[in-house]
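Just so you know, we're using this note's numbering here: the sequence shown kicks off at 117 and counts up by one. Quick reminder that beta carbons are idealized off the backbone N, C-alpha and C, glycines included.
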Amino acid sequence: MKNGVFMAKQRQQAVDAVHSHPVVKLLGLRVTDIGYGIATVECPVRPEITVEGHVVQGAIVGVLVDYAGIVAAMSTLDEGVGVVTVSYSVTNVAPAIGERLIAVGRAVSVTRNLGTSQVEVHVWTGDRSTLVAIGSTTGRVIRPS
Numbered sequence: 117m118k119n120g121v122f123m124a125k126q127r128q129q130a131v132d133a134v135h136s137h138p139v140v141k142l143l144g145l146r147v148t149d150i151g152y153g154i155a156t157v158e159c160p161v162r163p164e165i166t167v168e169g170h171v172v173q174g175a176i177v178g179v180l181v182d183y184a185g186i187v188a189a190m191s192t193l194d195e196g197v198g199v200v201t202v203s204y205s206v207t208n209v210a211p212a213i214g215e216r217l218i219a220v221g222r223a224v225s226v227t228r229n230l231g232t233s234q235v236e237v238h239v240w241t242g243d244r245s246t247l248v249a250i251g252s253t254t255g256r257v258i259r260p261s
């Protein structure tokens, strides 16, 4: 039976797992919001992750899609159950030029073995946002032995 406290532990586990990854630390990613089946991941735009000093390189946008989608799927599962990426896809629809990227992942289907999510990535400058990418993730559900 899922209750609020139990699910809060699972969501915190998902956040802690993401924040422990070296690439997350390198890029400055943060899970800024998480609920049942939804996760928001933010990335500050810095010159080191851009092309020509202002357009965020497309693979960085893909990393946000991956993390936001997988964490959204993981947030629906029991404590101790993880999700690892099987695949993800990204369609860039506008240049990512701004101050910060925010990816919102929404779980679409999470079964015993697979979790799929859809993700939107926006770039923000001040209080204005622009949709820069849409994507999807598929993850393998990993249960403790």
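Is the beta carbon of residue j closer than 7 angstroms to that of residue i?
i      : j      : result
Ala130 : Ser203 : no
Thr227 : Ile186 : no
Gly255 : Val199 : yes
Val239 : Ala212 : yes
Val248 : Ala210 : yes
Ser205 : Gly251 : yes
Ala223 : Ala188 : yes
Val161 : Gly214 : yes
Among the options, which has the Cα closest to the Cα of residue i?
i      : options                        : result
Gln128 : Val197, Ser261, Ser205, Arg244 : Val197
Arg216 : Ile165, Gly231, Thr207         : Ile165
Lys141 : Gly151, Asp149, Val157, Ile150 : Val157
Pro163 : Leu143, Ser245, Gly151         : Leu143
Tyr183 : Arg244, Ser261, His137         : His137
Val257 : Glu195, Ala124, Val147, Ala155 : Glu195
Ile150 : Ser245, Ala124, Ser261         : Ala124
Counting only beta-carbon atoms, is residue i nearer than 7 angstroms to chain C?
i      : result
Arg259 : Included in the structure is just one protein chain, with no chain C present.
Since residue i and residue j should fall inside the 8 angstroms C-beta cutoff, what is the C-beta to C-beta distance between them, to a whole number of angstroms?
i      : j      : result
Gln126 : Leu193 : 6 angstroms
Val181 : Asn208 : So it is not a contact: roughly 10 angstroms between Cβ atoms.
So, does the stretch 228 to 236 touch the stretch 162 to 172, judging by three or more C-beta pairs under 8 angstroms? Contact check between the stretch 228 to 236 and the stretch 162 to 172: fewer than three CB pairs, one atom from each, fall below 8 angstroms, which does not count as touching.
At which residue ranges does the stretch 190 to 223 contain complete beta strand (DSSP E) runs of 3 or more residues, listed in the order of the chain? 198 to 208
Ignoring anything shorter than 4 residues, give me the alpha helix (DSSP H) runs that lie fully in the stretch 124 to 186, in order along the chain. 138 to 143
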